[in-house]
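Worksheet: the structure to be examined is printed underneath.
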Amino acid sequence: MTATGTGTGPGPAAGTGIRMTAPAPGWSITADVVVVGSGVAGLTAALRCAAAGRRTVVVTKARLDDGSTRWAQGGIAAAIGDGDTPEQHLADTLVAGAGLCDETAVRTLVTEGPDAVHRLIGTGARFDTAPGSDEIALTREGGHHRRRIAHAGGDATGAEISRALVEAVRAAGLRTIENALVLDLLTDAEGRTAGVTLHVMGEGQHDGVGAVHAPAVVLATGGMGQVFSATTNPAVSTGDGVALALRAGAEVSDLEFVQFHPTVLYLGPEAEGQQPLISEAVRGEGAHLVDADGTRFMVGRHELAELAPRDIVAKEIMRQAHEQGVEHMYLDGRHFGAQMWETRFPTILAACRSHGIDPVTEPIPVAPAAHYASGGVRTDLRGRTTVPGLYACGEVACTGVHGANRLASNSLLEGLVFAERIAADIAGTPAPQAPADGARPAPEPAPSAPRTALPLLAPEARTAVQRIMTAGAGVLRSAESLARAAAELDRLHREATVAGGPAAVPPAGGEPAGAAATGSGARPADRKAPEPGVEAWEATNLLCVARVLVAAAQRRAETRGCHWREDHPDRDDVSWRRHFRITLDADRALTLHTTATAEFPPTATS
C-alpha cells in the first residue's frame with residue numbers, strides 16, 4: 139500500500155528500524171569515510187577524501203574494476219571543444235530533461251565539468267586525440283547540438299577511466315574490500331550515520347558479515363537495471379544502494395524515469411540479463427536507424443533525426459516496430475567501412491560478430507533495453523541525502539541533473555563532478571576522532587522501538603520480479619499494466635512477509651537475525667524462510683526498488699521524458715511538472731509526497 143500527500147512532506151529522516159535479515163557482524167574495522175562502489179563516482183570520491191587526510195575505505199560488490207563505469211562505451215560530455223560553452227551544454231541538458239531538471243544542479247555540472255575532466259586526465263585517464271594533434275577528439279551523441287563527447291579506445295571510454303582510477307587508488311594505498319555486498323546503514327543515537335554492515339563473499343582478510351564504522355558513508359553503488367529482464371547493466375546492478383537508503387529512512391525521487399537505451403543488440407524475445415549495447419556514438423558518427431525495408435523512419439520525426447534524445451528515439455523504435463508487427467528495428471552503419479568499425483568501434487564490432495552479426499556487411503538488429511536510472515537517492519548540491527552523514531553520487535543518486543531523461547554521456551560527468559563536491563564537503567568538516575581498528579564502538583545504541591528484520595525474497599523470485607517489471611513497467615506503460623505489476627509485486631511482498639517473519643533483530647553479537655522468532659511475529663511452521671545470503675539479499679533489494687518504481691509510475695499520469703504512459707500520451711506541466719519524494723515506513727509501506735513545484739526542497743542536512 140502507498141500513502142500519498144503533497145507539500146513539504148516528511149522532515150529529517152529518523153530511520154525505519156528495518157534491517158536486512160542477516161547474521162550479526164562478526165568483524166569490524168573503522169575509518170573516517172566508507173565509500174560503497176568503485177565506479178567513476180566512488181573512486182573519485184575516495185581519492186579526494188584520502189587526499190584530504192581522511193582515512194578512507196572502499197567497499198565494492200565485485201572487483202574494483204567491475205562496476206558499471208567499465209561498460210560505458212560512448213564517453214564523457216563536457217564543453218571543452220572550440221566554440222562550445224557551458225551554456226550550450228546546459229541548454230541541451232535541460233531540453234533532454236523534459237522540464238524536471240534542477241537548473242542549478244545542471245549549471246553546476248556543466249560549469250565545473252571541464253575542469254573535472256582535466257583533473258581526471260591528470261589522474262591518468264587517456265582520451266583519444268584527433269589525428270596528428272594533441273587535442274582531444276570529440277564526437278556527438280543524441281540530444282547534443284555540438285561535438286562535446288570525449289572518448290577513449292574508440293568505444294571503451296569507461297574501461298579506460300576505470301583503469302586510471304583503479305591504478306590511482308592502488309598507488310595511493312587506499313584500503314579496499316572487494317566482493318562485498320553492503321547490507322544496511324549503521325546510525326548513532328541521534329540518527330546520524332555511523333557506518334555500514336556488509337557481507338564479504340569468498341576468502342580474504344574478512345569473510346562473512348561484518349561492519350565498517352565511519353561517520354560518513356558515500357553511496358556510489360550504481361544503478362538498478364537488473365530489475366528488468368533485459369538490460370545493459372552488469373549483474374551487480376541490483377539497486378542495493380537505493381534499497382539501503384530507503385531502509386535507513388532516506389528519500390528517493392524520480393525512480394519512474396528509467397532510461398531505455400534505444401539501440402541495444404536484439405538477441406531474441408527470450409533474451410535475459412545483460413545485453414550488448416550499441417553506443418549512441420555509432421549514430422553520432424552517422425549510422426542510420428532503418429526498418430527491414432531500409433527506410434529511415436527517424437527522418438521527419440525530430441529535427442535531430444537519429445540524434446534526438448534517447449527517450450524519443452526509443453519511443454519511435456517501439457512505435458515503428460508495433461506498426462509493422464515486428465520485435466526490432468535496425469542500425470545501419472555499413473557505409474562506415476571495415477577500417478572505421480575496427481578503429482572507432484572495436485568493442486561493438488567484436489560483440490556483434492560474437493553473436494553472428496557483421497556490422498560491416500549487414501545492419502544491426504536493435505531494440506530498447508533498460509539502461510540508466512535518472513532518479514535515485516535524493517541529494518543536495520553537495521551530495522548530502524536526507525540522512526545526516528549519508529552521501530550519494532553517480533547513478534544511485536538523484537541530484538536533479540537528469541530530470542525526466544538523462545542526456546547522453548552526462549552520467550560519467552555527473553559522477554565525477556558530484557564526487558568531488560562530496561569530498562570537499564567531507565573535508566570541510568572537522569576530522570572525527572575515530573578509534574583505531576579493533577576497538578568496536580557501539581554504532582547503534584538500543585533503539586526505543588524494536589528493530590525489524592526484513593523478510594527475504596527467495597532467490598528464484600528474482601526472475602519473477604524482472605518479468606513483472608518488463609511486462610508492466612517497461613518502455614510502454616499504462617494504468618492497466620502498472621496495476622497488474624503492482625498487484626503481482628505486492629503478492630511477492632506478502633509471501634515473503636508470511637514466510638519470513640517479521641523477526642526481531644537481536645543486538646550486535648547476539649543470535650543471527652535470521653533465527654526463528656517467537657510470539658505473534660513468528661513465521662508459520664509450514665512456510666520456510668529463505669536462508670540469508672547474497673542471492674536472497676539481491677532479490678529482496680530488487681523487489682524493494684521495483685515497488686517504488688511502479689508506485690511512482692502509477693502516480694505520474696502523463697508522458698514525460700522516458701516515462702511513457704499509453705493512456706496519458708501527453709505531457710502535463712500544470713499537474714505533473716513536479717517530483718515525488720518517496721520514503722519507506724516502519725511497516726514497509728511506501729509514502730509518496732509530491733513537491734509543490736519542479737524545485738526540490740532542501741534536504742534535511744542542507
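For the sequence shown, the positions run 139 to 744 when this note's numbering is used. For every residue, glycine included, the Cβ atom is placed at its ideal position computed from N, Cα and C. Fair warning: this is a prediction, and the values are worked out from it, not measured in the lab.
Cβ distance (whole Å) where Leu528 is taken to contact Ala327 below 8 Å:
Translated into positions along the sequence shown, residue 528 becomes position 390. Translated into positions along the sequence shown, residue 327 becomes position 189. Between the beta-carbon of Leu528 and that of Ala327 there is about 16 Å, and that puts the pair past the 8 Å contact cut.
- Query: Exposed or buried, what is His477 when buried is set at 16 or more other beta-carbons lying within 10 Å of its beta-carbon?
  - Reply: Along the sequence shown, one-based indexing puts residue 477 at 339. The sequence given here has Gln at residue 477, not His. Around the Cβ of Gln477, a 10 Å sphere holds fewer than 16 other Cβ atoms; the residue is exposed.
* Is the CB-CB distance between Gln458 and Phe483 below 8 Å? -> Against the sequence shown, residue 458 aligns to sequence position 320. Against the sequence shown, residue 483 aligns to sequence position 345. A distance of 8 Å or more separates the beta carbons of Gln458 and Phe483.
Quick test of your reading: Asp518 and Pro740, contact by CB under 8 Å. State the CB separation rounded to the nearest angstrom. Taking the first residue of the sequence shown as position 1, residue 518 is located at position 380. Taking the first residue of the sequence shown as position 1, residue 740 is located at position 602. The pair is a contact, with the Cβ atoms about 7 Å apart (cut-off 8 Å).
Where the alpha helix (DSSP H) through His227 begins and ends: Residue 227 sits at position 89 when you count from the first residue of the sequence shown. Its alpha helix (DSSP H) spans residues Pro224 to Ala234.
For this session: Report yes if the CB atom of Ile214 is closer than 8 Å to the CB atom of Ala288, and no otherwise.
Result: Residue mapping note: residue 214 aligns to position 76 of the sequence shown, counting from 1. Residue mapping note: residue 288 aligns to position 150 of the sequence shown, counting from 1. At the C-beta level, Ile214 and Ala288 come within 8 Å of one another.
Checklist entry - Curious, which full-length beta strand (DSSP E) runs of at least 3 residues does the segment 662-699 contain? => result Runs of beta strand (DSSP E) with 3 or more residues, each lying fully within the segment 662-699, are absent.
Fill in: Selected residue, minimal CA-CA separation from Thr335, among Ala634, Arg559 and Thr159
Along the sequence shown, one-based indexing puts residue 335 at 197. Nearest Cα to Thr335 within the set Ala634, Arg559 and Thr159: Thr159.
Quick one: Cα of Arg726 to Cα of Ser271, how far?
Locating residue 726 in the sequence shown gives position 588, where the first residue counts as 1. Locating residue 271 in the sequence shown gives position 133, where the first residue counts as 1. In this structure, the straight-line span from the alpha carbon of Arg726 to that of Ser271 is close to 58 Å.
field: C-alpha distance - Arg709 paired with Gly235, whole-angstrom precision
entry: Your numbering for residue 709 matches position 571 in the sequence shown. Your numbering for residue 235 matches position 97 in the sequence shown. Roughly 13 Å separates the two Cα atoms.
Check: CB Glu465 to CB Pro414, shorter than 8 Å?
Finding: Sequence index remark: in the sequence shown, residue 465 carries index 327 (1-based). Sequence index remark: in the sequence shown, residue 414 carries index 276 (1-based). Judged by beta-carbon spacing, Pro414 lies beyond the 8 Å limit of Glu465, meaning their Cβ atoms are not closer than that value.
Using 8 Å as the threshold, is the segment 670-686 in touch with the segment 598-613, meaning 3 or more CB pairs across them?
-> In short, these stretches touch, since the Cβ pair count reaches three.
Applying the criterion that 16 or more other CB atoms from any shown protein chain within 10 Å of the CB defines a buried residue, is Glu454 buried or exposed?
Against the sequence shown, residue 454 aligns to sequence position 316. Glu454 should be labelled buried.
Original post:
For His540, which three-state DSSP category applies?
Top reply: Counting from one through the sequence shown, the residue named residue 540 turns up at place 402. Note: His540 maps to coil in three-state DSSP.
Distance CB(Val174)-CB(Gly180) smaller than 8 Å: As a first step, residue 174 must be located in the sequence shown, where it is residue number 36. As a first step, residue 180 must be located in the sequence shown, where it is residue number 42. Against a cut-off of 8 Å, the Cβ pair of Gly180 and Val174 comes out as a contact.
* Taking the alpha helix (DSSP H) that Val117 falls in, what are its first and last residues? -> Nothing can be reported for residue 117: it is not among the residues displayed for the chain, which extend from 139 to 744.
TODO: With Gly553 as the anchor, note down where its alpha helix (DSSP H) starts and where it stops.
DONE: Position 415 of the sequence shown holds residue 553. For Gly553, the enclosing alpha helix (DSSP H) starts and ends at Asn548 to Ala565.
Hey, would you say Gly541 sits closer than 8 Å to Cys239, going by beta carbons? Residue mapping note: residue 541 aligns to position 403 of the sequence shown, counting from 1. Residue mapping note: residue 239 aligns to position 101 of the sequence shown, counting from 1. Taking C-beta atoms as the reference points, Gly541 and Cys239 count as a pair closer than 8 Å.
Practice item. Just the C-alpha distance for Pro670 and Pro163, rounded to the nearest angstrom, thanks. Key: Indexing the sequence shown from 1 puts residue 670 at position 532. Indexing the sequence shown from 1 puts residue 163 at position 25. Cα to Cα, the separation comes out at about 13 Å.
Which same chain residues, not among the five before or five after Ala557, have their C-beta less than 6 Å away from its C-beta? As a working note, residue 557 is residue 419 in the sequence shown. Sequence-distant Cβ neighbours of Ala557 in its own chain, meaning closer than 6 Å and more than five residues away, are Ala179, Thr182, Ala183 and Cys531.
*asked:* Taking 8 Å as the threshold (C-beta atoms), are Pro501 and Leu469 in contact?
replied: For the purposes of this step, residue 469 is identified with residue 331 of the sequence shown, where counting begins at 1. For the purposes of this step, residue 501 is identified with residue 363 of the sequence shown, where counting begins at 1. Yes, these two residues count as a Cβ contact at 8 Å.
Val712 versus Thr735: straight-line alpha-carbon distance, rounded:
In the sequence shown, counting from the first residue as 1, residue 712 sits at position 574. In the sequence shown, counting from the first residue as 1, residue 735 sits at position 597. Between Val712 and Thr735, the C-alpha separation is close to 10 Å.
Next on the checklist: Which same chain residues end up closer than 8 Å to Val603 when comparing Cβ atoms and leaving out the 5 residues on each side of it in sequence?
Outcome noted: In the sequence shown, the residue the question calls residue 603 occupies position 465. Result list for Val603: Val365, Leu595, Leu627, Leu630, Ala677, Leu680, Leu681 and Ala684, in chain order.
request  = Return the CA-CA distance between Thr721 and Gly329, expressed in angstroms with no decimal places.
outcome  = On the sequence shown, position 583 is the one that residue 721 refers to. On the sequence shown, position 191 is the one that residue 329 refers to. Straight through space, the alpha carbons of Gly329 and Thr721 are spaced by roughly 16 Å.
| said: Per DSSP, what are the beta-bridge partners of His426 in this structure? | reply: In the sequence shown, counting from the first residue as 1, residue 426 sits at position 288. For His426, which the question treats as bridged, DSSP gives the partners Asp470.
Worksheet entry | Helix, strand or coil at Ala660 [DSSP, three-state] | As a first step, residue 660 is located in the sequence shown; it is residue number 522 there, counting from the start. In this prediction, Ala660 has a pLDDT of 41, which is less than 50 and means its spatial position is unreliable; what the coordinates show is noted afterwards. Of the three classes helix, strand and coil, the one that applies to Ala660 here is coil, per DSSP.
Item checked: Cβ neighbour criterion (16 or more within 10 Å) applied to Lys666 -> Along the sequence shown, read from residue 1 onward, the residue named residue 666 stands at position 528. By the neighbour-count rule (16 or more Cβ atoms within 10 Å), Lys666 is not buried but exposed.
Grab me the residues of His227's own chain with a C-beta within less than 6 Å of its C-beta, minus the 5 sequence neighbours each way, in chain order.
Working through the sequence shown from its first residue, we reach residue 227 at position 89. For His227, where only same-chain residues beyond five positions count, the Cβ hits under 6 Å are Ala217 and Val248.
* Look at the alpha carbon of Ala655 and the alpha carbon of Leu324, and state the distance between them as a whole number of angstroms. => Within the sequence shown, the letter at position 517 stands for residue 655. Within the sequence shown, the letter at position 186 stands for residue 324. For Ala655, the predicted model reports a pLDDT of 33, less than 50, meaning its position is unreliable; a value from the coordinates is still stated below. The straight-line gap from Cα to Cα measures roughly 23 Å.
- For Ala210 and Pro372, the rounded distance between their alpha carbons: For the purposes of this step, residue 372 is taken as the residue at position 234 of the sequence shown. For the purposes of this step, residue 210 is taken as the residue at position 72 of the sequence shown. Between the alpha carbons of Pro372 and Ala210 lies a distance of about 11 Å.
* Whole-angstrom Cβ separation of Ala609 and Ser616, contact assumed at under 8 Å? -> Residue numbering aside, residue 609 sits at position 471 when the sequence shown is read from its first letter. Residue numbering aside, residue 616 sits at position 478 when the sequence shown is read from its first letter. At roughly 11 Å, the Cβ-Cβ gap does not stay under 8 Å, so Ala609 and Ser616 are not in contact.
**OP:** Write down every uninterrupted run of the alpha helix (DSSP H) in the segment 177-218 whose length is 4 residues or greater and which is fully enclosed by it, in chain order.
**Re:** 178-189, all fully within the segment 177-218.
Where does the unbroken beta strand (DSSP E) through Leu336 begin, and where does it stop? Locating residue 336 in the sequence shown gives position 198, where the first residue counts as 1. It spans Thr331 to Val338 - the beta strand (DSSP E) in which Leu336 sits, taken as one unbroken run.
**Asked** In three-state DSSP terms, what is Asp293?
**Response** By one-based count along the sequence shown, residue 293 stands at place 155. Of the three classes helix, strand and coil, the one that applies to Asp293 here is coil, per DSSP.
Let me check one thing: in DSSP terms, what residues is Phe398 bridge-paired to? Working through the sequence shown from its first residue, we reach residue 398 at position 260. Under DSSP, the beta-bridge partners assigned to Phe398 are Ala508.
Please name the residue in Ala290, His731, Gly311 and Ala354 whose C-alpha comes closest to that of Thr567. Against the sequence shown, residue 567 aligns to sequence position 429. Per the Cα distances, Ala354.
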